[in-house]
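For reference, the structure is listed below as structure tokens.
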Amino acid sequence: MKQALLILAALGLGFSQTSVAETSYQTNYTLSQSSANYGSSNNTYTNSSSSRISSDDEISQAIASLSAQARQKEDKLASLAERLSTQPQRSANVSVLSSNSAPAIAAARASRAAHSNSTGRCARYVRQALQAAGYEFTPNGSAYEYATRGTLSNAGFVKISNNTSPQVGDVVVYSRSSKHRHGHIQIFDGSTWVSDFRQDSINPYSDTYSYTTWRDARYLDDASNRGIYLAMADE
Numbered sequence: 117m118k119q120a121l122l123i124l125a126a127l128g129l130g131f132s133q134t135s136v137a138e139t140s141y142q143t144n145y146t147l148s149q150s151s152a153n154y155g156s157s158n159n160t161y162t163n164s165s166s167s168r169i170s171s172d173d174e175i176s177q178a179i180a181s182l183s184a185q186a187r188q189k190e191d192k193l194a195s196l197a198e199r200l201s202t203q204p205q206r207s208a209n210v211s212v213l214s215s216n217s218a219p220a221i222a223a224a225r226a227s228r229a230a231h232s233n234s235t236g237r238c239a240r241y242v243r244q245a246l247q248a249a250g251y252e253f254t255p256n257g258s259a260y261e262y263a264t265r266g267t268l269s270n271a272g273f274v275k276i277s278n279n280t281s282p283q284v285g286d287v288v289v290y291s292r293s294s295k296h297r298h299g300h301i302q303i304f305d306g307s308t309w310v311s312d313f314r315q316d317s318i319n320p321y322s323d324t325y326s327y328t329t330w331r332d333a334r335y336l337d338d339a340s341n342r343g344i345y346l347a348m349a350d351e
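Sequential numbering of the sequence shown, starting at 117, is according to our numbering.
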């Protein structure tokens, strides 16, 4: 009887050890598998994170590039705005100067009538040229009075800088002096300055004298070839 009990006890212990071993194996296997799965999941996350980081870097670079382009365009616009602000604005009532415009007609008339040398009658020749083009005013006795008495101003001319490039029909009036008590008046024909004669330069004198420049502000000279005005002078 005792011997049978010992055998059963031995069998029970072995069974228990076997169960413990199997349980340990299963636990270790489960932990190992869980660990393996965790590692796999971690690797996937790391790869995904790296992928997102790389994508974020590309987006950041694209944003930086677009920002730089936007700044360049802003700089160009600012530069353009500055240039436009320094240029004279063309008003709605300004027309493009053509051969049929009053300044061009006056210049052509003066150019055709001008002599090779001065006759001392610049005021008469320029006045006749302006009136032939349709400008209305009361004639003055002296050339300088066309500036000082408001004659040119009332006829539609405005005073401009003497440093402005001349356009067809511009009028220059020299002040009177002890040597030239009537002053002088002349008009630009697109090539040179003319009065009662065709001048070699803007200054008809050997000395330097003060003068003012006048322009019919209703017209803007866009002609790239001034030959059309010279052709009129030869008709």
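Every residue, glycine too, gets a C-beta built ideally from N, C-alpha and C.
Taking C-beta separations shorter than 6 Å and ignoring five residues to either side along the sequence, the partners of GLY250 in its chain run ALA218, following chain order. Leaving aside the five residues that flank LEU268 on each side, the residues in its chain whose CB is nearer than 7 Å to its CB run, in chain order, TYR262, VAL287, TRP330. Per DSSP, reduced to three states, the secondary structure at LYS295 is coil, with no helix or strand assignment. Taking C-alpha positions only, SER326 is separated from ARG225 by approximately 26 Å. Taking C-beta atoms as the reference points, ARG292 and TYR260 count as a pair closer than 8 Å. A residue is called buried once 16 or more other Cβ atoms fall within 10 Å of its Cβ, and HIS300 is buried on that count. The segment 227-247 makes contact with the segment 306-317, as at least three CB pairs between them are under 8 Å. Taking SER277 as the centre and dropping the five residues before and after it, the same chain places the C-beta of THR329 closer than 8 Å to its C-beta, in chain order. Considering only GLY266, THR254, ILE318, the residue with the shortest C-alpha distance to PRO282 is ILE318. Under the three-state reduction of DSSP, ARG314 is assigned to strand. Secondary structure note for TYR260: it is in no beta strand (DSSP E), with a DSSP letter that is neither H nor E. Cβ atoms of ALA239 and SER258 come within 8 Å of each other, at about 7 Å.
Comparing alpha-carbon positions, the option among LYS295, HIS298, ILE303, SER294 lying closest to PHE273 turns out to be ILE303.
Here THR267 carries a helix assignment [DSSP, helix/strand/coil]. The three-state secondary structure of TYR327, taken from DSSP, is strand. DSSP links LYS189 through a beta bridge to no other residue. Of the other Cβ atoms in all chains shown, fewer than 16 fall within 10 Å of the Cβ of PRO255; this residue is therefore exposed. With respect to the 8 Å criterion, LEU246 and ALA222 are classified as neighbours on the basis of their beta carbons. For VAL242, the secondary structure class from DSSP, reduced to helix, strand or coil, is helix.
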